[in-house]
Amino acid sequence: MNLFNLWNKQTENSSNDNEFVNIVEGCELKNVTVVGSSCCKSGYNLYEQLKEIIKESNVAVKLTYTDSIEYASEYGIISKPAIVIDDTVIACNNGIDENRLKELLVC
256 MNLFNLWNKQ
266 TENSSNDNEF
276 VNIVEGCELK
286 NVTVVGSSCC
296 KSGYNLYEQL
306 KEIIKESNVA
316 VKLTYTDSIE
326 YASEYGIISK
336 PAIVIDDTVI
346 ACNNGIDENR
356 LKELLVC
């Protein structure tokens, strides 16, 4: 029984439990990482919300979720959840709306 691994859910088109890839022909694949915290589910909720936006918008994205402290430190992320798009921190602590996310993800 795996009680403490609440956020590792199987995703479609995935080789990893915390990864979702949406391929669109003719679009450059963007790397998007949601940085969350193992003690708070809001990061994983943001990951799920982004996954739905990606499916609806039909954009080419490799979406990954991590709660790695090392990854957060590498990007200087203090407040979580955070979104990193192509090695640039876009938002911390849910500070971005859905329409702005769609604009950033369009190829």
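Using my numbering, you'd call the opening residue of the sequence shown number 256 and step up by one each time.
Glycine included, every Cβ here is placed at the ideal spot set by N, Cα and C.
What you are looking at is a predicted structure, and each value in this text was computed from that prediction instead of being measured.
Quiz prompt | Distance between Cys-294 and Ile-340 (C-alpha atoms, nearest Å) | solution = Here residue 340 refers to the residue found at position 85 when the sequence shown is read from its first residue. Here residue 294 refers to the residue found at position 39 when the sequence shown is read from its first residue. Using only the alpha carbons, I get a separation of about 23 angstroms.
Quiz item: At which residues does the alpha helix (DSSP H) containing Leu-284 begin and terminate?
Solution: Locating residue 284 in the sequence shown gives position 29, counting from the first residue. Segment: none, Leu-284 is in no alpha helix (DSSP H) and carries neither H nor E.
Practice problem: Taking all protein chains shown into account, decide if Thr-343 is buried (16 or more other Cβ within 10 angstroms of its Cβ) or exposed. | Solution: Within the sequence shown, residue 343 is the residue found at index 88, counting from 1. Looking at its Cβ environment, which holds fewer than 16 other Cβ atoms inside 10 Å, Thr-343 is exposed.
Quiz item: Exposed or buried, what is Lys-310 when buried is set at 16 or more other beta-carbons lying within 10 Å of its beta-carbon?
Solution: By one-based count along the sequence shown, residue 310 stands at place 55. Answer is exposed; the Cβ neighbour count stays below 16.
Practice problem: With DSSP as the reference, label Lys-317 as helix, strand or coil. | Solution: Within the sequence shown, numbered from 1, the residue matching residue 317 stands at position 62. The answer is strand: DSSP assigns Lys-317 an E or B state.
Quiz item: CA-CA distance, Leu-356 and Ser-328?
Solution: Sequence index remark: in the sequence shown, residue 356 carries index 101 (1-based). Sequence index remark: in the sequence shown, residue 328 carries index 73 (1-based). Going from the Cα of Leu-356 to the Cα of Ser-328 covers about 23 angstroms.
Quiz item: By Cβ distance below 7 angstroms, which residues in the same chain neighbour Ser-292 in space, the five residues on each side in sequence not counted?
Solution: Here residue 292 refers to the residue found at position 37 of the sequence shown. Excluding positions up to five away in sequence, the list reads Gly-298, Asp-322, Lys-335.
Quiz prompt | Beta-carbon proximity of Ile-324 to Val-290, cut-off 7 angstroms | solution = Taking the first residue of the sequence shown as 1, we reach residue 324 at position 69. Taking the first residue of the sequence shown as 1, we reach residue 290 at position 35. No, these two residues do not count as a Cβ contact at 7 angstroms.
Quiz item: For the putative contact between Leu-305 and Val-287, defined by C-beta atoms under 8 angstroms, what is the C-beta separation to the nearest angstrom?
Solution: Within the sequence shown, residue 305 is the residue found at index 50, counting from 1. Within the sequence shown, residue 287 is the residue found at index 32, counting from 1. Their Cβ separation, rounded to whole angstroms, is 7 angstroms, which keeps Leu-305 and Val-287 in contact under 8 angstroms.
Quiz item: So is Val-361 buried or exposed if we call it buried at 16+ other beta carbons inside 10 Å?
Solution: Along the sequence shown, read from residue 1 onward, the residue named residue 361 stands at position 106. Result: exposed.
Self-check item: Beta-carbon spacing of Lys-296, Val-316 below 7 angstroms
Solution: To locate residue 296, count along the sequence shown from 1; it is residue 41. To locate residue 316, count along the sequence shown from 1; it is residue 61. Cβ distance not < 7 angstroms, so Lys-296 and Val-316 don't count as in contact.
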